[in-house]
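Each residue of the sequence shown is one higher than the one before, starting from 3 at the first, in my numbering.
Every residue gets a Cβ at the ideal spot worked out from N, C-alpha and C, and that includes glycine.
This report refers to the structure that appears directly beneath it.
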Amino acid sequence: MIREQGIMYGSASTGAMIREAAELIRESRLMVVSTGAGMSRESGIRTFRGEEGFWRQYRAEDLASLEGIRKDPGLVWEWYRERLRACCQLQPHAGYRALVRIQETVGRLPLITQNVDGLHQKAGIRDVIELHGSLRTASCLAGCGASPVPMTEDIFSEIPPRCSCGSVLRPDVVLFGENLPEQSLKRAFRLAESCDLMIVIGTSMVVYPAAALPVIALREGARVIEINTEETPLSRLEGTLSLRGTAGLVLPQIAKAVCEE
Ligand code: BJW
Ligand code: ZN
């Protein structure tokens, strides 16, 4: 294997794989995109797993769990403050713009994301289904019923930030062991069952139930295009066309092939 401009050239010709992906998109009647942290990497947001991931520095259960936030809310909020600051400053990369071009070409492009950073919306993707919540608001950890508060710089005058009732706030993201937002999850499952093509970008495919979506799509007879720098449990499943490369480099090539051929 040699690596060139982020795309790995293996036994199959990469140009041919890009063309095949473009053909699948052109032929599709209901296409769905599903994204994970790797999609945001080239905009400057770290992933969770892997060499540069957050979990190299912190334990997932200390930061992304209810027990973690109850035990050390200051640590968890320092982490979210840094991530919120980064997300406000960072811009969607060329891969996002490529998805917007594909959206304009196919007309309808529902996008399911595990990301909480809002970059898809910032880029202009119209139909975003957020499975793990967002960094837009925070709510009372004690569940006092007060309205969610916007997660802006002002709430960080005190760390951890507090609800009007005095309890600690929590970001409105989905932590391990918590249920996903019911309507978003239902819609994601329905789309996985009914689509004929799912494009899966930058997820390690280890966190459920999101990881089940492409498997459901394959089971129902859809094709899957995977874009990831590494192999995942999805890569070798029958029906998957797995492109090894970064979202920021592969997606523009696919969009070009879709829009110009
Ligand atoms: C690039 C790239 C580039 C890099 N271009 N690619 C069934 C089976 C087994 C376990 C469970 C199950 N059902 C539920 C569970 C338990 C648990 C779970 O899945 N655990 C597993 C880890 C074993 N799931 C849950 O608890 C979920 N809740 C739930 O199911 O409720 C019902 C229930 C409750 C209790 C018991 C049982 C059921 C909730 C999951 C919540 C996950 N939360 C987090 C934090 C969100 C908030 C935040 O962001 O701050 O979500 S954890 C973290 O992982 C975050 C991510 O969204 C999520 C997934 O990570 P992702 O996106 O895949 O990122 P990485 O870093 O893992 O991978 C990046 C990929 O990109 C890599 O592959 C790279 O190669 C690639 N890459 N650069 C393209 N430039
Ligand atoms: Zn409260």
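- About 5 Å separates the CB atoms of L137 and V118; that is less than 8 Å, so the two are in contact.
- Set against 7 Å, the gap from the CB of S149 to the closest heavy atom of ligand 2 is not smaller.
- Taken atom to atom, the span from the alpha-carbon of E240 to that of V226 is near 9 Å.
- Runs of beta strand (DSSP E) with 3 or more residues, each lying fully within the stretch 63–121, are found at 113–115, listed in chain order.
- According to the DSSP assignment, M19 belongs to no beta strand (DSSP E) but to the alpha helix (DSSP H) extending over 16–29.
- Your pair L245 and A23 checks out as a contact, with CB atoms roughly 7 Å apart and the cut at 8 Å.
- A buried status is given to G250, since no fewer than 16 other beta-carbon atoms sit within 10 Å of its beta-carbon.
- The continuous alpha helix (DSSP H) containing A257 extends over residues 249–262.
- Using a 10 angstroms sphere on the CB of D156, the tally of other CB atoms stays under 16, which defines it as exposed.
- It is roughly 14 Å from the alpha-carbon of E84 to the alpha-carbon of P75.
- Taking a cut-off of 8 Å on C-beta distances, the stretch 158–168 does not touch the stretch 187–199, as fewer than three cross pairs fall below it.
- Rounded to whole angstroms, the separation of the alpha carbons of P216 and E222 is 10 Å.
- In the three-state DSSP reduction, I47 falls in the coil class, being neither helix nor strand.
- Taking a cut-off of 8 Å for Cβ pairs, the stretch 140–148 and the stretch 103–116 do not touch, as fewer than three such pairs fall below it.
- Ranked by Cα distance from L121, the options S196, S45, V202 are led by S45.
- Counted as a single uninterrupted DSSP element, the stretch harbouring E228 is not any alpha helix (DSSP H) but the beta strand (DSSP E) occupying residues 225–230.
- Look at S166: its beta carbon is less than 7 Å from one of the heavy atoms in ligand 2.
- DSSP, reduced to helix, strand and coil, places P173 within a strand of the structure shown.
- For E180, the three-state secondary structure derived from DSSP is coil.
- Annotation for R221: the continuous alpha helix (DSSP H) segment containing it runs 214–221.
- V35 is bridged by DSSP to L113, I201.
- A distance below 7 Å between beta-carbons, with the five flanking residues on each side excluded, links P94 to the following residues of its chain, in chain order: S45, L121, K124, A125.
- The beta carbon of E63 lies closer than 8 Å to those of E69, G70, F178 in the same chain, with the five residues before and after it left out.
- A straight-line Cα-Cα distance of about 45 Å links A219 and S159.
- The residue from S67, G97, S42 with its alpha-carbon nearest to that of Q91 is S42.
- Under the 10 Å beta carbon count, V208 is surrounded by fewer than 16 other beta carbons and is classified as exposed.
- Scanning its chain for C-beta atoms nearer than 7 Å, with the 5 sequence neighbours on each side dropped, one finds around A88 the residues G46, I47, in chain order.
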